[in-house]
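A.B. asks: The structure's right below; bear with me while I get my questions together.
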Amino acid sequence: MKGFTYLRNVATLKLDQEKCIGCEMCTEVCPHQVFTMVDKTAAIVELDACMECGACSINCPVTAIQVDSGVGCASGLINEWLKEHNIGGSIGDCCT
Ligand code: SF4
Ligand code: SF4
Numbered sequence: 555m556k557g558f559t560y561l562r563n564v565a566t567l568k569l570d571q572e573k574c575i576g577c578e579m580c581t582e583v584c585p586h587q588v589f590t591m592v593d594k595t596a597a598i599v600e601l602d603a604c605m606e607c608g609a610c611s612i613n614c615p616v617t618a619i620q621v622d623s624g625v626g627c628a629s630g631l632i633n634e635w636l637k638e639h640n641i642g643g644s645i646g647d648c649c650t
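Heads up: take any position in the sequence shown, counting from 1, add 554, and you land on the numbering used here.
Listed below in structure tokens is the structure:
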């Protein structure tokens, strides 16, 4: 889903790079390629592409990512995606 963006500068996504241990999980679970790795540390490269699904925050082992998640039917779609890829956690429950 790369290239799809939402309203500019409104996403609540926050990344604490000081906490990041470079596991790359956020780059794997994000459906919109919001993160990239720079020198073994995660970095936000497409903030406006974030749909606030919460998958990155749920799967970050060191709570380096914060986002207000669980809004709308996006949570149902992402929960299905997480299940299909055997990735732990779930978000919201409005559409499941
Ligand atoms: S909340 Fe969802 S869309 Fe936003 S950065 Fe995290 S995984 Fe990607
Ligand atoms: S999931 Fe967390 S620890 Fe892993 S690369 Fe992303 S921010 Fe860093």
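Here a beta-carbon is modelled for each residue, glycine too, at the ideal position from N, C-alpha and C. For clarity, every value in this text was computed on a predicted model and none was experimentally measured.
How about residue 632 and residue 570: do their beta carbons lie closer than 9 Å?
C.D. replies: In this structure, residue 570 does not lie closer than 9 Å to residue 632 by Cβ.
A.B. asks: When the Cα atoms are used, what is the spatial distance from residue 591 to residue 609?
C.D. replies: Roughly 17 Å separates the two Cα atoms.
A.B. asks: Given the structure, does residue 578 come close to ligand 2, in the sense that its CB is under 8 Å from one of the ligand's heavy atoms?
C.D. replies: For ligand 2, at least one heavy atom lies less than 8 Å from the Cβ of residue 578.
A.B. asks: Looking only at its chain, what residues have a beta carbon closer than 8 Å to the beta carbon of residue 576, apart from the 5 residues adjacent to it on each side?
C.D. replies: 591, 594, 595, 596, listed in sequence order.
A.B. asks: I believe residue 574 touches residue 616 by the beta-carbon criterion, under 8 Å. Please report the beta-carbon distance rounded to the nearest angstrom.
C.D. replies: Sure, about 7 Å apart at Cβ, within 8 Å.
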